[in-house]
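Residue numbers (our numbering): 1421 to 1489.
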């Protein structure tokens, strides 16, 4: 949740937001929902993988992937 709060201002600046849905501690998969402008943006996959996932993997041990649901 702390890392989501680091990411959130950048998404909100573009009219979007992020909701943390689940963290699977066994697989390391984090499930999030992108909302607002981020939910419908054609670049949301790039934002998810190159931005959100990279930041979460750098800051949190054991994170293997971030997926949008």
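In this text, a Cβ means the ideal position worked out from N, Cα and C, and glycines have one as well.
In this text, all values refer to a predicted model and were calculated from it rather than measured experimentally.
Within 8 Å, strictly: CB atoms of residue 1428 and residue 1489: Your numbering for residue 1428 matches position 8 in the chain shown. Your numbering for residue 1489 matches position 69 in the chain shown. Not closer than 8 Å, so no.
Collapsed DSSP secondary structure at residue 1465 in the structure displayed: In the chain shown, the residue the question calls residue 1465 occupies position 45. Of the three classes helix, strand and coil, the one that applies to residue 1465 here is helix, per DSSP.
Tell me, which residues are paired with residue 1482 by DSSP? Walking along the chain shown from the start, residue 1482 turns up at place 62. Answer by DSSP bridge pairing: none, since residue 1482 is not bridged.
So what's residue 1421 in DSSP terms, helix, strand or just coil? For the purposes of this step, residue 1421 is taken as residue 1 along the chain shown, with counting starting at 1. Coil, per DSSP.
As assigned by DSSP and simplified to three states, the class of residue 1443: Counting from 1 along the chain shown, the entry for residue 1443 is found at position 23. Correct three-state label for residue 1443: strand.
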